[in-house]
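Read top to bottom, the protein sequences are chains A and B.
Just so it is clear: in the first sequence, position 235 is 235 by our numbering, and no numbers are missing.
Heads up, our numbering is the position in the second sequence plus 1000, with the first residue counted as 1.
All C-beta atoms, glycine included, are put in the ideal place defined by N, C-alpha and C.
Working notes, beginning with the structure itself.
Number of protein chains: 2
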Amino acid sequence: MTGKVTSLDVAKRAGVSRSAVSRVFTPGASVSAKTAAKVREAAEALGYRPNALARAMLTGRSKIIGLVVAYLDNHFYPTILELLSCALEREGYHVLVFMAGRDSEDVDTVVEQILDYQVDGLVLGSVGLRSDLAERCRASGVPVVLFNRRIEADGQLAVVSDSHAGGRMAAEHLIGIGCARIGHIAGWDGASTQKDREAGFLEGLENAGMRLFAREVGDFRFARAKEAARRMFRQTPRPDGVFVANDYMAFGVIDVLRAELGLSVPGDVAVIGFDDVPSAAWPAYALTTIRQDPEAMVAATVSALVTEIGGGIAHPPDPLPVTLVRRRTA
Amino acid sequence: MTGKVTSLDVAKRAGVSRSAVSRVFTPGASVSAKTAAKVREAAEALGYRPNALARAMLTGRSKIIGLVVAYLDNHFYPTILELLSCALEREGYHVLVFMAGRDSEDVDTVVEQILDYQVDGLVLGSVGLRSDLAERCRASGVPVVLFNRRIEADGQLAVVSDSHAGGRMAAEHLIGIGCARIGHIAGWDGASTQKDREAGFLEGLENAGMRLFAREVGDFRFARAKEAARRMFRQTPRPDGVFVANDYMAFGVIDVLRAELGLSVPGDVAVIGFDDVPSAAWPAYALTTIRQDPEAMVAATVSALVTEIGGGIAHPPDPLPVTLVRRRTA
DNA sequence: CAAAGTCGTGCAAACGCATGCAAAGGAGAT
DNA sequence: ATCTCCTTTGCATGCGTTTGCACGACTTTG
């Protein structure tokens, strides 16, 4: 029954002071090899490990990063979470996860709760942040990085892909394969990601002297995307090409097209998505899509985070390049 | 520039003692309405929020639950994570996530790190736990619940579905639809989940006087499962029905069958999975599968956790019932 | 051999909060 | 008006660390 074993217990057993054992567990502190050995042995015998909370209180560094994310059903985010968690562990940080509903009111309370834990940094995936909270974070010295979202307020670090270019590439591809009536199934209109992808897409159409043939909103939700597809393809003539704002919705759209409406993809209608989630490569869909690079995105995120935590001032990362992955739906 | 605002600052501004403000933020403490109002106002003005770490140190309750999980590419686990996080937030807890590689050495160091954070509880998804660490947890009074895994050592809380029954149902279903040469693509042989599912499956075959026609190991990995499928279906005569140990692998198997080998599912070979992840319902696969109930599983997990944290002794939950979801692959 | 420098160690003060205990305040009863 | 009892409040202590400062021992240099 070890119960709670503190540094004092170890100190007594090793015949040294609390400071000594503390220094043994603090990399870069000045300890002689002999006492270090004694302390290590005593610690081992007692099963002692430093209390991370106490350390955090004193040093002001909790070594924990808050992550708030709205949903995990879009496979893009689990991928990110896994990558991010591993990358941060490598830097000695750990991830405290908070689920925020889609409504921003929820986000606020959740962010406040996160701050209570004295996190060293905050990454916001798939959600926005009220500016006063951003202000509070800045005041507390907690760096915030927006993931896959920009925000109007400047001075905010944001890691994003070049959604505008991606949207344009989607348009050019659909046009290139001969689509004449091109539709768009949008995500959530409040998201910068949506706006940028769509703006680029429209620009691509315009450059070719075309305009959008149909538009519906799927809100980045699976069920909504299917409804959007049903609405869009009820009319005649129907679109012969559609850009869906992310892969996750694209799966739903393709399901409706093939399974409900009996249409052939890409025979009757070409579909292109955005993200390149792992399942996009599965033969059942073989989804043509605009690829975001998850590794690069999390690398940029942790890089920005650690430089800001270190007291440096990270310069806002450039939008990361995207690439067209041509498969069989467009 | 609020910097760090402590309870003392609030106390001064409200003209009361630190204790008073502490009590205002401690539910169930005795404070008069008048001072509560003063304190609340002062706190609001200063942007004060109690430091969760300091509180945790003093009370011994960090209100954080550690979750260690090996991978997130199998969609079952993101679903669980989302559900679990939401359920725990409702109880006032938060989730500290640790990714553990598949090797158990990694798991050990990760669990030690988690314990450093004085977590109130620990849930281990898709990984095992060395018995000495389990012992250490018990000594520290940290309840541990194994999720979707049993372990030989008794006294361990484990939330599992009735894998045995599920395996049997899979066998009975394949037999019922007329399969004569039945194969099994296994997950990782070290996992109790695998053992139980397979044992039930074999029992189901045996009850019908049949035996396993082929067996390959997919290790719960997507790529491995595809390789396993290629090996299994190289031989002739080939199986006409296969039970894949989880849905995630089943998608890979079906891909190989249809896209690489040109076989019809279920025409040439019936496939049944396990889990019923959301994408199993997508028409592109329409996977027949044995459904685990994620809500029930996390409910059981949370329930066990909170009673143990509360000092009670949770009785090991019964294996949760599974159901056959018949779709179009078997 | 003495002075100066280096290295290792202990002491004590923080970090921000919760809580038992005692004192103070108020209300009600006689 | 006095006594009792209950509610509210302040004081002080402690949670498990890290770390600046000072002191002792030991090594180096002149």
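key: residue 329(A) burial status per 10 Å Cβ neighbour count (16 or more: buried)   = The residue you call residue 329(A) lines up with position 329 of the first sequence. Per the 10 Å Cβ criterion, buried.
task = Pick out whichever of 1316(B), 1305(B), 1313(B), 1234(B) has its Cα sitting closest to the Cα of residue 1091(B).
result = As a first step, residue 1091(B) is located in the second sequence; it is residue number 91 there, counting from the start. Selected option, being the one with the closest Cα: 1305(B).
key: Members of the region 1048–1059 of chain B that neighbour chain A once the beta carbon cut-off is set at 8 Å   = 1049, 1050, 1051, 1052, 1053, 1054, 1056, 1057
request  = Using a Cβ-Cβ cut-off of 9 Å, state whether residue 1251(B) counts as contacting chain A.
outcome  = The residue labelled residue 1251(B) in the question sits at position 251 within the second sequence. Closer than 9 Å to some Cβ of chain A, the Cβ of residue 1251(B) qualifies, so yes.
key: Separation of residue 278(A) from residue 1129(B), as counted between CA atoms   = Within the second sequence, residue 1129(B) is the residue found at index 129, counting from 1. Within the first sequence, residue 278(A) is the residue found at index 278, counting from 1. If I take the Cα positions, the gap works out to 30 Å.
query = Nearest-angstrom Cα distance between residue 1122(B) and residue 95(A)?
reply = As a first step, residue 1122(B) is located in the second sequence; it is residue number 122 there, counting from the start. As a first step, residue 95(A) is located in the first sequence; it is residue number 95 there, counting from the start. So the two alpha carbons sit approximately 15 Å from each other.
query = Since residue 1035(B) and residue 1016(B) are thought to touch, with beta carbons under 8 Å apart, how far apart are those beta carbons, to the nearest angstrom?
reply = The residue labelled residue 1035(B) in the question sits at position 35 within the second sequence. The residue labelled residue 1016(B) in the question sits at position 16 within the second sequence. So it is a contact: roughly 6 Å between Cβ atoms.
inquiry  = Please confirm whether residue 1259(B) has its beta-carbon closer than 9 Å to some beta-carbon of chain A.
reply    = Looking up residue 1259(B) in the second sequence gives position 259. Yes, its Cβ sits closer than 9 Å to a Cβ of chain A.
ask   = Would a check of beta-carbon distances place residue 275(A) closer than 9 Å to chain B?
value = On the first sequence, residue 275(A) is found 275 positions in, with the first residue counted as 1. Not one chain B Cβ lies under 9 Å of residue 275(A).
In DSSP terms, what residue 1242(B) is bridged to = In the second sequence, the residue the question calls residue 1242(B) occupies position 242. According to DSSP, residue 1242(B) bridges with 1183(B), 1271(B).
task = Could you list which residues in chain B have their beta carbon closer than 8 Å to that of residue 99(A), in chain order?
result = Your numbering for residue 99(A) matches position 99 in the first sequence. Near residue 99(A) (Cβ distances below 8 Å), the residues of chain B are 1082, 1085, 1086, 1089.
task = Output yes or no for whether 9 Å exceeds the beta carbon distance between residue 1182(B) and residue 1251(B).
result = On the second sequence, residue 1182(B) is found 182 positions in, with the first residue counted as 1. On the second sequence, residue 1251(B) is found 251 positions in, with the first residue counted as 1. No, Cβ-Cβ distance for residue 1182(B) and residue 1251(B) is not below 9 Å.
query = Which one of 218(A), 151(A), 45(A) has the shortest CA to CA distance from residue 247(A)?
reply = By 1-based counting over the first sequence, the position of residue 247(A) is 247. With distances taken between Cα atoms, residue 247(A) lies closest to 218(A).
message = Taking the beta carbon of residue 125(A) as the centre, do at least 16 other beta carbons fall within 10 Å, making it buried, or is it exposed?
response = Stepping through the first sequence from its first residue, residue 125(A) is reached at position 125. With 16 or more other Cβ atoms within 10 Å, it is buried.
message = Going residue by residue through the region 280–316 of chain A, where are the continuous alpha helix (DSSP H) segments of at least 4 residues, counting only ones entirely within it?
response = 294–309
inquiry  = Mapping the DSSP letters down to three states, classify residue 1001(B) as helix, strand or coil.
reply    = Here residue 1001(B) refers to the residue found at position 1 of the second sequence. Here residue 1001(B) scores only 45 on pLDDT, less than 50, and its place in the model is too uncertain to base an answer on.
request  = Take residue 1276(B) as the anchor and find which of 1326(B), 1228(B), 1235(B), 1312(B) has the nearest alpha-carbon.
outcome  = The residue given as residue 1276(B) occupies position 276 in the second sequence. Checking every option, the nearest Cα to that of residue 1276(B) belongs to 1326(B).
task = My understanding is that residue 271(A) touches residue 256(A), with C-beta atoms under 8 Å, so please give their C-beta distance in whole angstroms.
result = Indexing the first sequence from 1 puts residue 271(A) at position 271. Indexing the first sequence from 1 puts residue 256(A) at position 256. Not confirmed; about 11 Å, so no contact.
Closest by C-alpha distance to residue 132(A), when choosing among 149(A), 109(A), 147(A) = To locate residue 132(A), count along the first sequence from 1; it is residue 132. Cα-wise, what sits closest to residue 132(A) is 109(A).
key: Proximity test, Cβ basis, 9 Å: residue 292(A) and chain B   = Along the first sequence, one-based indexing puts residue 292(A) at 292. No, because no Cβ of chain B sits closer than 9 Å to the Cβ of residue 292(A).
request  = Note down, in chain order, each residue of its chain lying with its Cβ closer than 6 Å to the Cβ of residue 232(A), except the 5 sequence neighbours on either side.
outcome  = Here residue 232(A) corresponds to residue number 232 of the first sequence, with the count starting at 1. These residues qualify, in order along the chain: 183, 214, 216.
query = What's the gap between the Cα of residue 240(A) and the Cα of residue 179(A)?
reply = Residue mapping note: residue 240(A) aligns to position 240 of the first sequence, counting from 1. Residue mapping note: residue 179(A) aligns to position 179 of the first sequence, counting from 1. Approximately 6 Å between the Cα atoms of the pair.
query = Which first and last residues belong to the alpha helix (DSSP H) in which residue 1169(B) is found?
reply = Residue 1169(B) sits at position 169 when you count from the first residue of the second sequence. Element bounds for residue 1169(B): 1163–1176.
key: Three-state secondary structure assigned by DSSP to residue 109(A)   = The count along the first sequence starts at 1 and reaches residue 109(A) at position 109. Helix at residue 109(A).
inquiry  = Suppose you measure from the CA of residue 1344(B) to the CA of residue 1193(B); what does that come to, to the nearest Å?
reply    = Residue 1344(B) lies beyond the stretch modelled for chain B, which goes from 1001 to 1330, so this question has no answer here.
inquiry  = Below 9 Å on C-beta distance, what does residue 96(A) contact in chain B?
reply    = Start at 1 with the first residue of the first sequence, and residue 96(A) comes out as number 96. By Cβ distance, chain B contributes 1064, 1094, 1095, 1096, 1097.
ask   = Does residue 1112(B) come within less than 9 Å of chain A when only Cβ atoms are used?
value = In the second sequence, residue 1112(B) corresponds to position 112, counting from 1. Yes, residue 1112(B) lies at the interface with chain A (some Cβ there is under 9 Å from its Cβ).
ask   = Given that a residue counts as buried once 16 or more other Cβ atoms are within 10 Å of its Cβ, and exposed if not, what is residue 1146(B)?
value = Taking the second sequence and counting its residues from 1, the one referred to as residue 1146(B) is at position 146. Result: buried.
Closer than 9 Å at the beta carbon, the chain A residues around residue 1284(B) = Taking the second sequence and counting its residues from 1, the one referred to as residue 1284(B) is at position 284. Those within 9 Å of residue 1284(B) in chain A are 251, 254, 255, 258, 259, 282, 284, 285.
query = Taking the alpha carbon of residue 1119(B) as the point to measure from, which residue in 1136(B), 1142(B), 1052(B) has its own alpha carbon closest?
reply = Here residue 1119(B) corresponds to residue number 119 of the second sequence, with the count starting at 1. The shortest Cα separation from residue 1119(B) among 1136(B), 1142(B), 1052(B) belongs to 1142(B).
task = Report the residue from 298(A), 107(A), 83(A) whose alpha carbon sits nearest the alpha carbon of residue 1098(B).
result = Taking the second sequence and counting its residues from 1, one reaches residue 1098(B) at position 98. The candidate whose alpha carbon is nearest that of residue 1098(B) is 83(A).
task = Let me know the secondary structure DSSP gives residue 222(A) once reduced to three states.
result = Position 222 of the first sequence, counting from 1, holds the residue named residue 222(A). Three-state result, residue 222(A): helix.
message = Along the region 1113–1138 of chain B, where does the CB come closer than 9 Å to a CB of chain A? Name the residues.
response = 1113, 1114, 1115, 1116, 1117, 1118, 1136
message = For the beta strand (DSSP E) containing residue 1206(B), name the first residue and the last one.
response = The sequence position of residue 1206(B) within the second sequence is 206, counting from 1. From DSSP, residue 1206(B) is part of no beta strand (DSSP E) but of the alpha helix (DSSP H) over 1192–1207.
query = If you run the structure through DSSP and keep just helix, strand and coil, what is residue 16(A)?
reply = Taking the first sequence and counting its residues from 1, the one referred to as residue 16(A) is at position 16. Reduced to three states, the DSSP call for residue 16(A) is coil.
inquiry  = Can you pull the chain B neighbours of residue 279(A), defined as C-beta to C-beta under 9 Å?
reply    = Locating residue 279(A) in the first sequence gives position 279, where the first residue counts as 1. What residue 279(A) touches in chain B: 1075, 1251, 1279.
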